[in-house]
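K.L.:
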Amino acid sequence: MLDIKVIRENPEAVKRAMSTRNKEIDFTELLKWDDERKFVINENEKLRLKRNKVSEEVGKLKREGKEPPPEVLEEMNEIRDLIQEQEKQLLSLENHIEDFLLGLPNIPDSSVPVGKDERDNKIIRYIGEPKKTSFKPKYHWEVGEKLGIIDFATASKISGSRFVVLKNEGCALERAIISFFLDTHKERGYKEIMTPYLVNRESMFGTGQLPKFAEEAFKCANDELYLISTAEIPVTNIYRDEILDEDSLPKKLVSYSACFRREAGAYGKDTKGLIRNHQFNKVELVKFVKPENSDEELEVLVLDAGHVLELLGLPYRVSLLSSGDTGFSSSKTYDLEVWLAGDGVYREISSCSNFKDFQARRMNIKVKYKDKKKELIHTLNGSGVAVGRTFAAILEYYQQEDGSVVIPEVLRKYTGFDIIKNK
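The numbers in the working numbering rise by one with no breaks, and the one at position 412 of the sequence shown is 415.
1) Can you tell me whether residue 87 is buried or exposed? The criterion is at least 16 other CB atoms within 10 Å of its CB, across all chains shown.
2) Which of the three DSSP states, helix, strand or coil, is assigned to residue 286?
3) Can you tell which of 234, 218 and 221 has the C-alpha that lies nearest to the C-alpha of residue 261?
4) Going by the DSSP bridge assignment, what does residue 422 pair with across the sheet?
5) Out of curiosity, what's the CA-to-CA distance linking residue 385 and residue 200?
6) Which partner residues does residue 381 have in the DSSP bridge list?
7) Taking residue 208 as the reference, which of 197, 176, 243 and 189 has the closest Cα?
8) Can you tell me which of the three DSSP states residue 192 falls into?
9) Is residue 43 buried or exposed, if buried means 16 or more other CB atoms sit within 10 Å of its CB?
10) Let me make sure I understand the geometry here. Which of 352, 252 and 327 has the alpha-carbon closest to that of residue 379?
11) Taking C-alpha atoms, which residue in 187, 266 and 413 lies nearest to residue 216?
12) Could you compute how far the alpha carbon of residue 135 sits from the alpha carbon of residue 333?
13) Could you name the residues of the same chain whose beta carbon sits closer than 8 Å to that of residue 128, not counting the 5 residues immediately before and after it, in chain order?
14) Pair every Cβ in the segment 297-314 with every Cβ in the segment 345-356, then say whether three or more of these pairs are closer than 8 Å.
15) What's the call for residue 157, buried or exposed, on a 16-neighbour Cβ count within 10 Å?
16) Does the Cβ of residue 291 have 16 or more other Cβ atoms within 10 Å, making it buried, or fewer, making it exposed?
17) With residue 394 and residue 108 assumed to form a contact (beta carbons below 8 Å), what rounded beta-carbon distance in angstroms separates them?
18) For the beta strand (DSSP E) containing residue 70, name the first residue and the last one.
19) If you pair each beta-carbon of the segment 112-123 with each one of the segment 56-75, do three or more pairs fall below 8 Å?
20) Taking the beta carbon of residue 255 as the centre, do at least 16 other beta carbons fall within 10 Å, making it buried, or is it exposed?
21) Under the DSSP definition of a beta bridge, which residues are partnered with residue 92?
22) Within this structure, are the beta carbons of residue 329 and residue 19 separated by less than 9 Å?
23) So for residue 387, helix, strand or coil by DSSP?
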């Protein structure tokens with residue numbers, strides 16, 4: 004959530020920032036509510052001072068054994084009623100202001116390229132070069148179904164479209180990828196944590212999923228609980244309403260979780276295979292850092308996420324998202340896009356974002372410096388990385404002409420086998 008002070012002090016600059024996100028925002032009404040709120044607060048304070056003064060007079064008279072004049076008691080009642088009325092007015096104004104602010108995305112960092120959509124993203128670098136093969140690589144679902152390790156038909160019978168059943172070596176490969184990711188990130192200083200898959204409304208609100216993306220969430224019918232779309236949600240909320248000492252930062256956490264997304268409005272896009280399912284596995288990296296270090300920490304986060312792809316030998320590229328393609332809560336985002344040999348294209352496998360104080364303001368997470376100064380912390384997160392998409396990339400990149408798939412060397416100690424062959 005944006006700080007209203009920033010809007011109050013320079014509404015035109017914030018308006019320009021919103022326009023780079025394809026949003027034309029008029030702040031006239033917000034600033035009017037803000038002025039009214041300040042006026043009501045000031046008047047309320049005057050009334051409270053007056054009430055205290057009259058109350059002291061009444062108390063003094065009673066201590067002297069005298070009855071306060073009826074007009075004084077009437078005045079006290081009038082002041083009480085006015086204060087209550089102003090408090091209702093203040094609450095209404097604050098609700099209007101909060102609702103307005105909750106609809107505003109984060110301000111893009113000055114280094115973010117201005118653009119309308121993904122076509123304006125800036126490719127930063129390529130890592131690895133796709134290998135040439137003597138045959139046309141098949142799509143991962145074709146490879147997996149032929150090997151008997153992926154079963155979409157059974158998943159559809161059990162749950163519907165956009166689910167998958169893994170079988171035989173596919174199960175081992177999925178577990179291997181998860182364990183490899185966790186072990187590798189822990190070697191780079193991340194602390195592992197496991198959290199619930201169901202979270203309350205406050206947690207969804209804290210990371211920006213609510214109210215903006217309510218339609219994307221799976222919600223329990225009889226409880227105010229939501230299935231998480233990413234481990235970012237519960238992990239970032241661990242420190243909600245807490246003050247962290249300067250010396251404890253940065254905090255670097257890694258978490259595996261199943262993730263659940265309705266993918267509302269995405270029908271017809273990546274509907275085949277493992278790229279866009281309703282349920283999938285992911286390893287998430289989350290950082291809590293001092294504001295002055297968040298730019299540097301984002302660059303390191305991108306390197307950490309990409310490190311596992313490099314160890315797997317999967318070519319990928321890093322793109323800096325344009326202002327129009329940057330996520331709602333993010334100030335700056337890099338996408339890591341892995342090479343999918345079947346399509347012959349790069350597809351997103353991780354998004355690494357710096358939210359600055361956008362999430363921390365919602366969750367009230369602060370850092371306390373040695374000089375006792377306190378300010379909102381900066382939060383970052385990135386997929387480290389999406390497991391299903393890694394599974395798909397491995398099947399497509401390491402498939403052989405006979406339909407078998409060679410297991411990347413770094414995974415073999417986890418799988419216990421080095422190749423998946425046709426039965």
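Even glycine gets a Cβ: it sits at the ideal position worked out from N, Cα and C.
P.N.:
Judging by the given coordinates:
1) exposed
2) strand
3) 234
4) 409
5) 18 Å
6) 292
7) 243
8) coil
9) buried
10) 252
11) 266
12) 37 Å
13) 320 and 321
14) yes
15) exposed
16) buried
17) Contact flag wrong, Cβ pair sits at about 32 Å.
18) Taken as a continuous stretch (DSSP letters only), residue 70 belongs to no beta strand (DSSP E), as it is neither H nor E.
19) no
20) buried
21) Beta-bridge pairing links residue 92 to no other residue.
22) no
23) strand
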